[in-house]
Amino acid sequence: MRTYSDDEIVDVVVVGTGAGGAPLLAEMARRGLSAVALEAGRNFELDDFTPDETEAVRINWMSERLSGGDDPTAFGPNNSGIGVGGSTLHWGAFAPRPDRRDLRLRTETGEGRDWPLDPEELLRYVARVESDIGVSGPVPYPWDPDRAYAYKAPGRNGSADIVARGATALGIRTADAPAAVLTRARLQPAYGERGACQSCGACHQGCRFGAKATTATTYLPAAVSYGAEIRAQSMVHGIELDARGRVAAVLYRRDGVERRQLCRTLVLAAGGIETPRLLLHTGLANSSGQVGRNFLAHGATQVWGRFDESVRGHRGYPSSLISEDMLRPADADFAGGYLMQSLGVMPLTYATTLARGGGLWGRELVERTLDARMYAGIGINGDCLPSEANRLELVDELDEWGIPRARIDFTAGPNEKALDTHATRTMEDIMRAAGASDTIVLARTAHTVGTCRMSADPADGVVDADGRSHDIPNLWISDNSVFPSALAANPAPTIMAMSLRTADRMLVSAG
Ligand SMILES: Cc1cc2nc3c(=O)[nH]c(=O)nc-3n(C[C@H](O)[C@H](O)[C@H](O)COP(=O)(O)OP(=O)(O)OC[C@H]3O[C@@H](n4cnc5c(N)ncnc54)[C@H](O)[C@@H]3O)c2cc1C
Ligand code: SF4
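The working numbering applies: residue 59 is where the sequence shown begins, and numbers increase by one.
In C-alpha cells:
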C-alpha cells in the first residue's frame, strides 16, 4: 500500500471506510488523486470473524451513545460498525433498491421531503454498485421486471419458506430477496477470490467466506490498488481551517499519538452519528443549525410465530425473502410504506430483542429463548418522516477520545405509528395464515440516518444536492447522514450509490 506523510498535502482525506467512504475513496484514487482514509477501527481478515455473538461485537461501535425520546433507538450491535469496512462488516446485505416514489414523497403525499436529485440518476448509480460488489436476486424481479441480477439468490432459510406460505395464502407477493451475497465464487478485482455463500447464518457477525460483500472486500482493495492509503485505528477528533475558512488539516489520534494530516479536501463518511458529532464538536458547517437535526430511524418491528416444525432460524442467509407489496398499501392511512423481509437470527440477538422489544424478562425470557428454534420471523423496513424533535446533541460527558458523547432523541410520529400498526397487523396475519400457533411482536427501529441532510436551500440543510457543505467549499459529506428522508429501502446500496455520485460531483467541481 502506498503511504503518505502527515505533512504532505493530500488531495483528499476521507474519514470512515464504510458504505459512504469506500466507493468515493476508490473513485478518487482511480482518477489519480492522492487519497488517504482515516478509519477509527482496526483491519480485519476473514479469519478474524467468528459466529460467536459475544466476540463479534468487535466489529460494532460499542462506545456509549445516549438514547432518549419516547422510542429510544438501540445502539451497540443494532447500531453501526467500527473497522476497515465500517458497518458493511456486520450488515445483513439485504439490498433492495430505493423506490422512485419514496424519493418524491413530498410531491406525492405532501408529507416528508423530496430528495434534491434525479431519481433515475441515483438508480443508475445503484445498478453500478450492484455490478461492483455482486448482488444476487430473482430474474425477473416481480416489482421491476426491467432489472436483472447477476447471481441467483441464496437458498431460503426456514423463516422464508413459512413467510412465503403465509403471504401467498393472503394474496401478498413474495420473492427471493436482492442480497449482496455471492452464490458462486467471483474474482473480485484487486482483492482475489470471494467464495460462495455457505448458508452459515452469521452475516451480522462478519462473513468468513467473503461471500457477503463488504467494502473491505470490494471498494477498499480497489482504492489501494489505485494508490490510496487506508490508515486504520486513526480516530479523527478535529478539523483545522485556514485563514479563508477552508479545511486545511485533519486532527486525529493513532496509537496514542496526536497527528495532523494536511489536505486539500475533506470528506466526512463517519456515519449518521459520528459525522454530526464531529461537526458539533468542532462547531463547523452548521450555519443552518441543521447539524444533528431530523435523525431518522427505520421502523423495524418484527413478528415471530411459533410452529410445530423446527425452523432453525439461525441457519441460512437470514433475509432471504422480500415483499414490496406494502410500499403503497391500498388501505394505508399514512404516507410512504414498508418492505417486508423474512428473518433469521442468532440466539443472543434474539434474546436481546425479546427483552428490549418484547419486554420479556425472567422465566418467560429464558423459556422463549430456549424455544427459539421453533419460531419463524418476519420484519419490516419502514419509512420515517423527518421531525425537528428527533435530533442528536452533545452532552457534557466525554468519551475515551475526549470528545463529548452524543445523545440521540427519537420519538415515532403519527405517520410512523400508523405505518407500524398496519405492518404489525399484516405480519401477524401472515404468520397466522402460515399456521403459527402463537405470535410475539418485537418493537424495533434500525439504522442511523439523517442528521446532516442535503438541501437545495442552504438555510434548510447541511450539504447541497452534491454533498458539499453549504458553508465550507472543500468539505463534503458522503454517508447516511445526508439522507433527507429515510426511504423504505434499507440504506446501504443507496449510500454506496450516493458515494459514487458525490465522487463524480467532486471531480467535476475540481475541474
Ligand atoms: C445490524 C445491522 C444490520 C444491517 N443490515 C443492513 C442490510 O441488510 N442492508 C442495508 O442496506 N443496510 C443494513 N444496515 C445499515 C448499513 O450497514 C449502514 O446504513 C451503512 O453501512 C452506513 O454507512 P455509512 O458509510 O454511513 O457508515 P458506516 O458504514 O458505519 O461507516 C462509518 C465508518 O466511519 C468510522 N468512523 C466513525 N467516526 C470516525 C472518526 N471520528 N474518525 C475515524 N473514523 C471514524 C467508523 O469506524 C466506520 O468504519 C445494517 C445495520 C445494522 C446495524
Ligand atoms: S450466510 Fe452466507 S453471506 Fe452470510 S455469513 Fe454465512 S456464508 Fe457469508
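Each residue gets a CB set at the ideal place from its N, CA and C atoms; glycine is no exception.
As the structure is a computational prediction, the values presented were derived from the model and not from experiment.
Asked: What do you reckon, is the C-beta of Y375 under 7 Å from a heavy atom of ligand 2?; Found: yes
Asked: Is T75 near ligand 1, judged by its Cβ being under 7 Å from some heavy atom?; Found: yes
Asked: Would you kindly work out how many angstroms separate the C-alpha atoms of A271 and R182, rounded to a whole number?; Found: 19 Å
Asked: Exposed or buried, which one is V187 when buried takes at least 16 other CB atoms within 10 Å?; Found: buried
Asked: Among residues of its own chain, excluding the 5 on either side of R558, which ones have a beta-carbon nearer than 8 Å to its beta-carbon?; Found: Arg is not the amino acid found at residue 558; the sequence shown has Leu there. Taken in chain order, the residues that qualify are P81, L82, E85, Y183, R186, V187.
Asked: Near F353, which residues of its chain fall below 7 Å by C-beta distance, leaving aside the five closest residues on each side in sequence?; Found: N448, R449, L450, I466, F468, G508, T509
Asked: Skipping 5 residues on each side, what residues in its chain have a beta carbon closer than 6 Å to that of D478?; Found: G357, T359
Asked: Does the beta carbon of T146 fall short of 7 Å from some heavy atom of ligand 1?; Found: yes
Asked: At a Cβ threshold of 8 Å, is V507 touching chain C?; Found: Absent from the structure: chain C. Only one protein chain is present.
Asked: Looking only at its own chain, which residues have a Cβ that is under 6 Å from the Cβ of G415, when we skip the five neighbours before and after it?; Found: L500, A501, R502
Asked: Just reading off the alpha helix (DSSP H) that D219 is part of, what are its end residues?; Found: 216-227
Asked: Output yes or no for whether 8 Å exceeds the beta carbon distance between Y209 and P236.; Found: no
Asked: Exposed or buried, which one is E287 when buried takes at least 16 other CB atoms within 10 Å?; Found: buried
Asked: I67: buried (16+ other C-beta within 10 angstroms of its C-beta) or exposed?; Found: exposed
Asked: Distance check for A243 and Q256, CA to CA, integer angstroms please.; Found: 11 Å
Asked: I'd like to confirm something about K210: is its beta-carbon nearer than 7 Å to some heavy atom of ligand 2, or not?; Found: no
Asked: Three or more beta-carbon pairs under 8 Å between the segment 433-441 and the segment 333-340, yes or no?; Found: no
Asked: Can the beta-carbon of P177 be found closer than 8 Å to that of L161?; Found: yes
Asked: Suppose you measure from the CA of V361 to the CA of A568; what does that come to, to the nearest Å?; Found: 50 Å
Asked: Got a sec? Which residues, its chain only, sit under 7 Å from L565 by beta carbon, not counting five neighbours each side?; Found: R89
Asked: Could you tell me which uninterrupted alpha helix (DSSP H) segments, each at least 4 residues in length, are contained entirely in the segment 104-141, listed from first to last along the chain?; Found: 111-114
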